[in-house]
Amino acid sequence: MRLTKLGGFGLQADAISPDFREVWDAFFAGQILVFRNLQLKAAQFLEFARQFGRPEPHVIDQFHHPEHADILILSNVKKDGAPTGLADAGTYFHTDYSYLEVPARATLLYSIQVPSKGGDTLFANQYAAYDALPGTMKHKLESLVALHHYGNRDDLDKGSRTVASVLSEEQEKKVTWVRHPVVRRHPVTGRKALYAVSGSSFGIEGMPQDEAIDLLDELRDHATQEKYQYRLKYGVGDVVIWDNASLLHAATLTEPDDPRTLWRITVKEEGKS
Ligand SMILES: [Fe+2]
Numbered sequence: 014m015r016l017t018k019l020g021g022f023g024l025q026a027d028a029i030s031p032d033f034r035e036v037w038d039a040f041f042a043g044q045i046l047v048f049r050n051l052q053l054k055a056a057q058f059l060e061f062a063r064q065f066g067r068p069e070p071h072v073i074d075q076f077h078h079p080e081h082a083d084i085l086i087l088s089n090v091k092k093d094g095a096p097t098g099l100a101d102a103g104t105y106f107h108t109d110y111s112y113l114e115v116p117a118r119a120t121l122l123y124s125i126q127v128p129s130k131g132g133d134t135l136f137a138n139q140y141a142a143y144d145a146l147p148g149t150m151k152h153k154l155e156s157l158v159a160l161h162h163y164g165n166r167d168d169l170d171k172g173s174r175t176v177a178s179v180l181s182e183e184q185e186k187k188v189t190w191v192r193h194p195v196v197r198r199h200p201v202t203g204r205k206a207l208y209a210v211s212g213s214s215f216g217i218e219g220m221p222q223d224e225a226i227d228l229l230d231e232l233r234d235h236a237t238q239e240k241y242q243y244r245l246k247y248g249v250g251d252v253v254i255w256d257n258a259s260l261l262h263a264a265t266l267t268e269p270d271d272p273r274t275l276w277r278i279t280v281k282e283e284g285k286s
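Just add 13 to the spot in the sequence shown (first one is 1) and you have this note's numbering.
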């Protein structure tokens, strides 16, 4: 498996190594790992993903792949007027499953239809964002715990395209409040990173709400600066895997009638739930 640099960070591999250890190491070293132009069936995509960890089906169950619930279909394509997948998902900086007690280790996307315009994913490196904080701020954040819930702190308007994908009443009952450190030690690499300071973080334990939001907003502004970002462009057949513990990511909006379809699998970190 030959690796090349994607850009500011991230790695592209010319093939999937038969030695998974090599893939695993490249993934955590690069934070983003891309394989171009593959031809995978759903079962093959799932088999590859399972090597990274245990997949967890998304709470939005109406767009699960019909044969494999671990695959979520992301698409703006309509068939007979009905959506075939989840459109406009994650169009704000967030990290996947940070609203769960055991969050996501990796998200894998397999690109099936690429729009003629837009549809890139933006990634923001949270190791670099943490490393660049002044010592006084690092010290202040050291023991802080953020309160997380499904949603986008910056947009709660259910009619907006940048709200978190709207849940049914039944699905809302399945999500609850969870706690995660603001500075989180990466469970595999051991490096410290800012964790989910944009997206699902709605407060800080033991801190007045207005003070907590001010701090989270300051950290979000810092952590999503362009100098920490990489913009990934997709081709048909690309498989992209990213490290949720060290990155924020955001989808970019596409024209609603410019077809775009991806399959997504999210695997969790080690843990009980
Ligand atoms: Fe996401």
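Every residue gets a Cβ at the ideal spot worked out from N, C-alpha and C, and that includes glycine.
A quick note: this is a predicted structure, and the numbers were derived from the prediction, not measured.
Straight-line CA distance for glutamate 218 to arginine 49? Cα to Cα, glutamate 218 sits roughly 43 Å from arginine 49.
Run the CB neighbour count on proline 68, radius 10 Å, all protein chains shown included, and call it buried at 16 or more, exposed below. Classification for proline 68: buried.
Considering only heavy atoms of ligand 1 and the C-beta of each residue, which residues fall inside 5 Å, strictly closer? Chain-ordered list of matching residues: Gly103 and Asp109.
Which residues in the same chain have their Cβ closer than 6 Å to the Cβ of leucine 157, if we skip the five residues on either side of it in sequence? Only residues of its own chain outside the window of five on either side were considered, and among them Val195 and Ile217 have a CB closer than 6 Å to the CB of leucine 157, listed in chain order.
If you follow the beta strand (DSSP E) that glutamine 52 is part of, which residue opens it and which one closes it? Segment: none, glutamine 52 is in no beta strand (DSSP E) and carries neither H nor E.
Identify whether phenylalanine 22 lies in helix, strand or coil by the three-state DSSP scheme. Coil, per DSSP.
Can you name, in chain order, every residue of its own chain whose Cβ lies under 7 Å from the Cβ of tyrosine 123, other than the five neighbours on each side? Cβ within range, chain order: Leu53, Phe58, Val252, Leu275 and Trp276.
Helix, strand or coil for phenylalanine 61 per DSSP? Here phenylalanine 61 carries a helix assignment [DSSP, helix/strand/coil].
Suppose only complete runs of 4+ residues qualify. What are the alpha helix (DSSP H) ranges in the segment 193-271, listed by chain order? 222-236, all fully within the segment 193-271.
Does the beta-carbon of leucine 169 have 16 or more other beta-carbons within 10 angstroms, so that it is buried, or is it exposed? Leucine 169 should be labelled exposed.
Is serine 259 closer than 8 Å to glutamine 139 when the C-beta atoms are compared? Cβ distance < 8 Å, so glutamine 139 and serine 259 count as in contact.
Inter-residue Cα distance where the pair is threonine 288 and serine 178: Residue 288 lies beyond the stretch modelled for the chain, which goes from 14 to 286, so this question has no answer here.
Report the rounded CA-to-CA distance for lysine 187 versus valine 72, giving the unit in angstroms. Taking the Cα positions, lysine 187 is about 8 Å away from valine 72.
Residues bridged to valine 191 by DSSP? Valine 191 is bridged to His161.
Quick one: any contact between the segment 106-114 and the segment 205-217, if contact means 3 or more CB pairs under 8 Å? In short, these stretches touch, since the Cβ pair count reaches three.
Quick one: any contact between the segment 125-138 and the segment 236-245, if contact means 3 or more CB pairs under 8 Å? Output reads yes: the segment 236-245 touches the segment 125-138.
Give me the residue from Glu114, Leu245 and Pro79 with the minimum Cα distance to glycine 284. Looking only at Glu114, Leu245 and Pro79, the smallest Cα-Cα distance to glycine 284 is reached by Glu114.
Inter-residue spacing [alpha-carbon to alpha-carbon] between threonine 149 and threonine 267: Here the alpha carbon of threonine 149 sits roughly 40 Å from the alpha carbon of threonine 267.
What residue range is occupied by the uninterrupted alpha helix (DSSP H) comprising lysine 130? From DSSP, lysine 130 is part of no alpha helix (DSSP H); its letter is neither H nor E.
Following the continuous alpha helix (DSSP H) through threonine 149, name the residue where it begins and the one where it ends. 148-154 is the extent of the alpha helix (DSSP H) around threonine 149.
Residue(s) in a DSSP beta bridge with arginine 67: According to DSSP, which records beta bridges pairwise, arginine 67 is partnered with Lys281.
Tell me where the alpha helix (DSSP H) around valine 36 begins and ends. Counting along the chain, the alpha helix (DSSP H) containing valine 36 begins and ends at 33-43.
Range of the contiguous alpha helix (DSSP H) that encloses tyrosine 140: Secondary structure note for tyrosine 140: its alpha helix (DSSP H) is the uninterrupted segment 139-144.
Can you name, in chain order, every residue of its own chain whose Cβ lies under 6 Å from the Cβ of leucine 19, other than the five neighbours on each side? Once the five neighbours on either side are set aside, the close Cβ partners of leucine 19 are Gln25.
Residues of its chain near glutamate 298, where Cβ-Cβ distance is below 7 Å and the 5 sequence neighbours each way are ignored: The chain is shown only over 14 to 286; residue 298 falls outside these bounds and no answer can be derived.
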